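Heads up: the sequence shown runs through residues 1 to 441, numbered per UniProt numbering.
Presented below is the structure to which this report refers.
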Amino acid sequence: MFSQFALHERLLKAVAELNFVEPTPVQAAAIPLALQGRDLRVTAQTGSGKTAAFVLPVLNRLVDLKQKRVEIRALILLPTRELAQQTLKEIERFAQFTFIKAGMITGGEDFKEQAAMLRKVPDILVGTPGRMLEQLNAGNLKLEHVQVVVLDEADRMLDMGFSDDVERLCNECPNREQTLLFSATTGGAGLREMIGKVLKTPEHLMLNNVSQLSEGTRQQIITADHNQHKEEIVQWLLANETYQKAIIFTNTRVMADRIYGHLVAKDFKAFVLHGDKDQKDRKLAIERLKQGGAKVLVATDVAARGLDVDGLDLVINFDMPRSGDEYVHRIGRTGRAGNEGLAISLICHGDWNLMSSIERYLKQSFERRVIKEVKGTYSGPKKVKASGKAVGVKKKKTDKKGDKKVAAKKKPANRPKASAPLVSQDGLAPLKRRKPAPAAE
Ligand code: AMP
Numbered sequence: 001m002f003s004q005f006a007l008h009e010r011l012l013k014a015v016a017e018l019n020f021v022e023p024t025p026v027q028a029a030a031i032p033l034a035l036q037g038r039d040l041r042v043t044a045q046t047g048s049g050k051t052a053a054f055v056l057p058v059l060n061r062l063v064d065l066k067q068k069r070v071e072i073r074a075l076i077l078l079p080t081r082e083l084a085q086q087t088l089k090e091i092e093r094f095a096q097f098t099f100i101k102a103g104m105i106t107g108g109e110d111f112k113e114q115a116a117m118l119r120k121v122p123d124i125l126v127g128t129p130g131r132m133l134e135q136l137n138a139g140n141l142k143l144e145h146v147q148v149v150v151l152d153e154a155d156r157m158l159d160m161g162f163s164d165d166v167e168r169l170c171n172e173c174p175n176r177e178q179t180l181l182f183s184a185t186t187g188g189a190g191l192r193e194m195i196g197k198v199l200k201t202p203e204h205l206m207l208n209n210v211s212q213l214s215e216g217t218r219q220q221i222i223t224a225d226h227n228q229h230k231e232e233i234v235q236w237l238l239a240n241e242t243y244q245k246a247i248i249f250t251n252t253r254v255m256a257d258r259i260y261g262h263l264v265a266k267d268f269k270a271f272v273l274h275g276d277k278d279q280k281d282r283k284l285a286i287e288r289l290k291q292g293g294a295k296v297l298v299a300t301d302v303a304a305r306g307l308d309v310d311g312l313d314l315v316i317n318f319d320m321p322r323s324g325d326e327y328v329h330r331i332g333r334t335g336r337a338g339n340e341g342l343a344i345s346l347i348c349h350g351d352w353n354l355m356s357s358i359e360r361y362l363k364q365s366f367e368r369r370v371i372k373e374v375k376g377t378y379s380g381p382k383k384v385k386a387s388g389k390a391v392g393v394k395k396k397k398t399d400k401k402g403d404k405k406v407a408a409k410k411k412p413a414n415r416p417k418a419s420a421p422l423v424s425q426d427g428l429a430p431l432k433r434r435k436p437a438p439a440a441e
């Protein structure tokens, strides 16, 4: 129960209003420590409820402040505009019974309007590092009264080359009392370096055993002969699968546009989202999907992070993501907050090795699925070394729709219990993992 936390009554009222009853594992682990003012390094996947895990303690810190909107008191840095928008919304929902105001600064929005917003001085500022620095350099942003800094999806910010900007912005907050760093993965040397620089003796909460990934999401693969065949499979799935909303991931913008074009030509209500789209198009795509005007989003990984759309229950990997972590982020879009989801990866000859390395990385084996209406000739290599079994040797089951399935059970994995997250004091506890093989295509 949320009432177990020492949260201000105005925040508990909002929590109740939003029908949050049971805290998720990351909330149960992080909120009490964050409320004590500790620096935290939290490894938790998207969809785990991590936003509330930092928003509530930040609001709690500010709720009794006598002087509102005089100085910026909290800074939340994150990698993408979409994530910033979602986080801002979450703050506004939790702050609805308080006088706390939040503002947002991201690229792709009007610079002058942002400067005007900054003159009104929000209590909490959310945004992406690049534009935040531009506003700082233009003299529009003062951060010396910031008490708490949150770095959300820090691993992603590093991947996107924001490490110097993040560090500079942290240095602009010399009076901060607390820093909270969240990442979906345990990251590499770059993340460790940043942790060493910006966090003070952090507690490390590891809620993200990758093999614990999306308990509510079934993971399947369907083999395909070539990209055109993959498109046929996609169209079959969109027409026949039971789902509320679907997202199709590609590795390139060109492929996203191509699939989108073909879907629209077949009268699917689809949208496309990738880095070439301007901010207006991106907002529109996400809004349409949220409101149900479009059921299908074709996207590159730019949309994979932080996208939180209710009812997104089907993820199709048209192209296999290039790493296990990217796979985790993509399918983290579905099965959120305990809902059911289905993730289907389409596998050509050249994708097979990558797919099996991701299976090993996740310590799971994906369900092999064959759809007779769109069955091709490729069905995987004859022998699979990891298990020593030939693909297709297992007895085939037939489901309600007549699709054949080769059931593959999840391998038992060490799973941290919700009440007992893995905690290390040094903040650098390593997670053993195997690097996926490079994409063969
Ligand atoms: P996040 O990982 O923060 O993006 O959260 C994923 C989704 O779960 C969001 O839609 C949240 O509003 C929702 N959520 C987070 N925590 C809870 C909770 N304790 N109870 C119900 N829904 C939650």
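C-beta atoms are modelled at their ideal positions from N, C-alpha and C, and glycine is treated no differently.
Values in this document were obtained by computation on a predicted structure and should not be read as measured data.
Buried or exposed for Q86, please, with buried defined as at least 16 other CB atoms from any protein chain shown within 10 angstroms of its CB. One-based indexing of the sequence shown puts residue 86 at position 86. When all chains shown are included, Q86 counts as buried.
Quick check on DSSP: helix, strand or coil for S356? For the purposes of this step, residue 356 is taken as residue 356 along the sequence shown, with counting starting at 1. Helix.
Tell me which residues share the same chain as D351 and place their Cβ nearer than 6 Å to its Cβ, disregarding the 5 neighbours each side in the sequence. The sequence position of residue 351 within the sequence shown is 351, counting from 1. Cβ contact annotation for D351 (same chain, cutoff 6 Å, sequence separation greater than five): M320, in chain order.
Are the Cβ atoms of I286 and R41 separated by less than 7 Å? Numbered from its first residue, the sequence shown carries residue 286 at position 286. Numbered from its first residue, the sequence shown carries residue 41 at position 41. Between I286 and R41, the C-beta spacing is not below 7 Å.
Distance, Cα to Cα, D301 vs T43? As a working note, residue 301 is residue 301 in the sequence shown. As a working note, residue 43 is residue 43 in the sequence shown. Approximately 20 Å, taken between the alpha carbons.
Please go through the UniProt domain "Helicase C-terminal" (232-377) and give each complete beta strand (DSSP E) segment of 3 or more residues, from N-terminal end onward. Those beta strand (DSSP E) runs which fall completely within the UniProt domain "Helicase C-terminal" (232-377) and span 3+ residues are 245-249, 270-273, 296-299, 312-317, 341-347 and 367-370.
Go through its chain and collect everything with a Cβ distance to K269's Cβ below 6 Å, but skip five positions before and after it. The residue you call residue 269 lines up with position 269 of the sequence shown. Sequence-distant Cβ neighbours of K269 in its own chain, meaning closer than 6 Å and more than five residues away, are A294 and K295.
Under the assumption that V58 contacts I124 (Cβ atoms under 8 Å), give the Cβ distance between them as a whole number of angstroms. Locating residue 58 in the sequence shown gives position 58, counting from the first residue. Locating residue 124 in the sequence shown gives position 124, counting from the first residue. A Cβ-Cβ separation of about 7 Å places V58 in contact with I124 under the 8 Å criterion.
How many Å lie between Q96 and I221 at the Cα? In the sequence shown, counting from the first residue as 1, residue 96 sits at position 96. In the sequence shown, counting from the first residue as 1, residue 221 sits at position 221. Taking the straight line from one Cα to the other gives about 43 Å.
Does the contact criterion of 3 or more C-beta pairs under 8 Å hold for the segment 243-255 versus the segment 365-377? No contact exists between the segment 243-255 and the segment 365-377.
Give me the Cβ distance between A154 and L181, rounded to the nearest whole Å; I'm assuming they're in contact under 8 Å. Against the sequence shown, residue 154 aligns to sequence position 154. Against the sequence shown, residue 181 aligns to sequence position 181. Confirmed, about 5 Å.
Please go through the same chain and pick out, in chain order, the residues whose beta-carbon is closer than 6 Å to the beta-carbon of F99, but skip the five residues on each side of it. The residue labelled residue 99 in the question sits at position 99 within the sequence shown. Hits under 6 Å: K68.
Compute the beta-carbon to beta-carbon distance between H329 and A299, rounded to the nearest angstrom, for a pair I have assumed lies under 8 Å. Position 329 of the sequence shown holds residue 329. Position 299 of the sequence shown holds residue 299. Contact doesn't hold; Cβ gap of about 12 Å is too wide.
I need the straight-line Cα distance from K283 to G108, nearest angstrom please. As a first step, residue 283 must be located in the sequence shown, where it is residue number 283. As a first step, residue 108 must be located in the sequence shown, where it is residue number 108. Their backbone Cα atoms lie some 11 Å apart in a straight line.
Per DSSP, R41 is paired with what? Stepping through the sequence shown from its first residue, residue 41 is reached at position 41. R41 is bridged to L181 and H204.
Which value, in whole angstroms, describes the spacing of the CA atoms of A138 and G37? By 1-based counting over the sequence shown, the position of residue 138 is 138. By 1-based counting over the sequence shown, the position of residue 37 is 37. A straight line joining the alpha-carbon of A138 with that of G37 spans about 32 Å.
Status (buried if at least 16 other CB within 10 Å, exposed otherwise) for R81: On the sequence shown, residue 81 is found 81 positions in, with the first residue counted as 1. It counts as buried.
Given a cut-off of 7 Å on the beta-carbon distance, is the pair A184 and T24 in contact? Here residue 184 refers to the residue found at position 184 of the sequence shown. Here residue 24 refers to the residue found at position 24 of the sequence shown. No Cβ-Cβ contact shorter than 7 Å links A184 with T24.
Determine which residues share a DSSP beta bridge with G127 and list them. The sequence position of residue 127 within the sequence shown is 127, counting from 1. Per DSSP, L77 and I105.
Mind checking who I222 pairs with in its DSSP beta bridge? Indexing the sequence shown from 1 puts residue 222 at position 222. Looking at the DSSP output, I222 shares a beta bridge with L346.
Could you give the C-beta distance for L314 and L342, rounded to a whole number, given that I count them as a contact under 8 Å? Along the sequence shown, one-based indexing puts residue 314 at 314. Along the sequence shown, one-based indexing puts residue 342 at 342. 5 Å between Cβ atoms; contact.
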